[in-house]
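Let me begin by presenting the structure, written as structure tokens, before commenting on it.
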Amino acid sequence: MVDQQSLQKSLEGESRYHQLRDAVADYYYHVLLENGKILEKQHGPKCVTITGYHPEEYAANPRLWIDLVYEEDRPVIEQQIERVISGQPPTTSEYRIRRRDGQLCWLRKLIIPYYDADGRLMAYDALLRDITENKLSRQSLQQSEENYRLLFDDDLTGDYVASTDGEIILCNRTLVDIFGFTCREQAIGSNLRGFYSDPYSWDTLVERIRELGTLNRFERITRCNDGRTLHVVETVIGTFDEKGNLLRLKGYIFDDTHSRVETAKLRQRTQDLEDAVEQRTKEIRAERSHLEAILDSALDGIISIDRLGTIQTINRSAERLFGYARAEMIGQNVSMLMPSPYHEEHDGYIQRYQKTGERRILNSVREVAARRKDGSTFPVEVSITEVDNTLIYTGILHDISERKQLQAHILQIAEDEQRRIGHELHDGIGQELTGLALFAGTIVELLDAIPQESSEKTVRHLHELPFSTLRSLAARVSSQLNATNTHVRQLAHGVMPVQIEPRGLQAALSELAESFESHPHVNCRLKSSASVVVADNATATHMYRIVQEAINNSLRHSQATEINITLARKDHHIIIEITDNGIGIGVQAIDNCDRMDRRAGMGLRTMQYRCGLIGGTFHIENSPTGGTSIRCLIPEKSIKEN
């Protein structure tokens, strides 16, 4: 009877244990031990719900239970088991396992040990509960707190929550620093009333919040605990209950003091800079006015252009020189002041210099033709310089019309004198020599006739005299007079090469080319257009002399065997060109000629000078096929004016 009662109590106790075990654990497993070593594990049927594995699978694989444990958490389980086996009081542990479906699951594990009569550990129960949801909730809450702390404590604005009476309920570190509190604990519980004054006293602020709900970014002056004055920008938001009663205020304060101070300094520096700029502007204007006065007093025209050839500045002399008003020239391309072909080629000169750096016209004095507003052209002497590598160019132009007229007048006097000498040689001395030659010829004829009409006695008498010597001398005098007459006529023709007639230039050039045909190993040809008419004898003479000098240079220096002369008319211009097949001309000589340098040869300078006198442009260059090419371009208008 007693045994039955004991058995009944044992069964009741075991039943209560199972109920308690099921109440505290989602599933359990029982571990049998012997001499501190695990003999067997018996997993309860609820293990499938938690781990996804059945008890039979645990029985088949004794390491399955430890393999499920997340690798980083295995030391926690191993330490817990060691404590129980070593006889230490059991502790609760939390760890993660990897479920059969791959998801991580948090478990809380409690161990209940069983001891024999001798106090040795013979078994223990492991009670496990799934705490994944709680764990994730705590982690989420912790993360939220951390985020809140990051947003609140690390905010650059001073954030606070205060009651309607002004008591600080909550604040961040920035607010502590703004108002000079020593720590957050000192700030919390303090009152904000002392930090507000009219027009934004605390009571006024509360009333405005009740009316509006929010005051956004209003500026005010306040002070901190150490007495310093601050300028702050503040936003205050009210929190209301369901009935619309104001419960508390949330404020966000930004210390704008440093920004205000720096703004004031910047404003002062800006004002100082503006004053300095204004003063410097006045000085520059005064300097510019002084410079303009100097430039305007210059007798020569002064023009500056940019890298595109656009006129930037001009002086009064340039206005008078070209007949344009200053406003008509500023902003226009400088080619407007040039006749053809300079007008079309000018921009190319600038682009070539900027691309290659080759200074063909810079830092030199050149004679060129310029064009006035009325279309008339006149010769100028121009020097161009670059202003300190700024791609701004300054040109100084000197009107050389009077000088050219004087030079032309002097040359005309020389030409007239040559013409007078030529006339005297041709009409005076030439005629006298012709008469003497006729007299000498008559004497020879008379002497030749005497023997035919005389008797034998007379003939014998004449033979006895030095008759033959006399006749020989008369014949020589006649021959020498004829030769001298021919030479004098050639000299006269050289002095007056071009006859005063419309086609005189073509005829003279034709004779000149034929005269060189007799030169050994030289072929000289003239190609002339029938439309070329040069009625002005002075102009024609200059052109003839240019061709004559060019041919002489080809023979003396270029060692040419082929010389071609071209006389043509194109685009209201008379073109005369001389080309040869010689060794060409040096680049230095071309540059010296372009710059009218004294180092250029006298022949080149003379040709260029003559071309300028008749209003033409002179070009000399090496031909692409070899040899030298000289080209003169004379406007028909200049010929008519001459």
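With the working numbering applied, the sequence shown covers -9 to 632. Every residue, glycine too, gets a C-beta built ideally from N, C-alpha and C.
Item: Looking at the ligand NAP, does it come within less than 6 Å of L236, judged from the CB to the closest heavy atom?; Value: Absent from the structure shown: the ligand NAP. Ligands present: none.
Item: Can you give me the start and stop residues for the beta strand (DSSP E) that N554 sits inside?; Value: 552 to 560
Item: Give me the Cα-Cα distance between N527 and L327, rounded to the nearest whole angstrom.; Value: 30 Å
Item: For V196, which residues from the same chain have a beta carbon less than 6 Å from its beta carbon, with the 5 sequence-adjacent residues on both sides left out?; Value: T154
Item: Taking the continuous beta strand (DSSP E) assigned at K233, which residues delimit it?; Value: Careful: K233 lies outside any beta strand (DSSP E) and carries neither H nor E.
Item: Please classify G228 as buried or exposed, where buried requires at least 16 other C-beta atoms within 10 Å of its C-beta.; Value: buried
Item: Are N612 and E552 closer than 7 Å when you measure CB to CB?; Value: no
Item: Please tell me whether R600 and H532 are closer than 7 Å, where the distance is taken between their beta carbons.; Value: yes
Item: Looking at G148: is its Cβ nearer than 7 Å to the Cβ of I87?; Value: no
Item: Can you tell me which of the three DSSP states E454 falls into?; Value: Since pLDDT at E454 reaches only 49, below the 50 mark, its modelled position is unreliable, and the value read off the structure follows with that caveat. Correct three-state label for E454: helix.
Item: Hey, T384 and I292 are a contact pair by Cβ (cut 8 Å); roughly how many whole angstroms apart?; Value: 7 Å
Item: My understanding is that F171 touches T212, with C-beta atoms under 8 Å, so please give their C-beta distance in whole angstroms.; Value: No, F171 and T212 are not in contact; Cβ-Cβ is about 14 Å, not under 8 Å.
Item: Express the C-alpha separation of S354 and I565 in angstroms, rounding to a whole number.; Value: 26 Å
Item: Roughly how many whole angstroms lie between the Cα atoms of T194 and E201?; Value: 11 Å
Item: Just the Cα atoms here: how many angstroms apart are V166 and R210?; Value: 18 Å
Item: With distance defined between alpha-carbon atoms, name the residue in L118, T41, R53 nearest to E91.; Value: Here the sequence assigns Asp to residue 91, which means Glu is not the residue at that position. Of the listed residues, the one whose Cα sits closest to D91 is T41.
Item: Y19 to L131, Cα distance in whole Å?; Value: 32 Å
Item: Leaving aside the five residues before and after D296 along the sequence, list all residues of the same chain whose C-beta is less than 7 Å from its C-beta, in chain order.; Value: Q302, L381, I382
Item: Could you have a look at C37 and say whether DSSP puts it in helix, strand or coil?; Value: helix
Item: Which value, in whole angstroms, describes the spacing of the CA atoms of S500 and F506?; Value: 10 Å
Item: Could you check the C-alpha separation between S325 and M319 for me, to the nearest Å?; Value: 11 Å
Item: What is the rounded straight-line gap between the Cα of G606 and the Cα of G617?; Value: 23 Å
Item: Whose C-beta lies closer than 7 Å to the C-beta of L503 among residues of the same chain, with five residues either side of it excluded?; Value: In the sequence on display, residue 503 carries Ala and not Leu. Same-chain partners within the cutoff: C514, R515, L516, I555.
Item: Considering only C-alpha positions, which residue in the set F208, T81, A177 is nearest to P189?; Value: F208
Item: Thinking just about the alpha-carbon of each residue, which of I199, I568, T253, G156 is nearest to the one in N235?; Value: I199
Item: Report yes if the C-beta distance between I67 and Y85 is below 7 Å; otherwise report no.; Value: yes
Item: Taking only the alpha-carbon atoms, compute the straight-line gap between P614 and V524 and give it to the nearest angstrom.; Value: 30 Å
Item: Measuring alpha carbon to alpha carbon, tell me which of S127, K125, S76 ends up nearest Y114.; Value: S76
Item: Report the CB separation of G593 from E539 in whole angstroms; it is logged as a contact under 8 Å.; Value: 5 Å
Item: Compare the beta carbon distance of V537 and I575 with 7 Å and say whether it is the shorter of the two.; Value: no
Item: Which residues mark the beginning and the end of the beta strand (DSSP E) in which D633 is found?; Value: Only positions -9 to 632 of the chain appear in the structure, and residue 633 is not among them; the question remains open.
Item: Residue range of the alpha helix (DSSP H) that S287 falls in?; Value: 247 to 287
Item: Which residue from S544, V370, R559 puts its Cα closest to that of S518?; Value: R559
Item: When you compare each of L23, N542, S307, R98 to D286 by their alpha carbons, which one comes out closest?; Value: S307
Item: So what's C173 in DSSP terms, helix, strand or just coil?; Value: coil
Item: Mark T529 as exposed unless 16 or more other C-beta atoms lie within 10 angstroms of its C-beta, in which case mark it buried.; Value: buried
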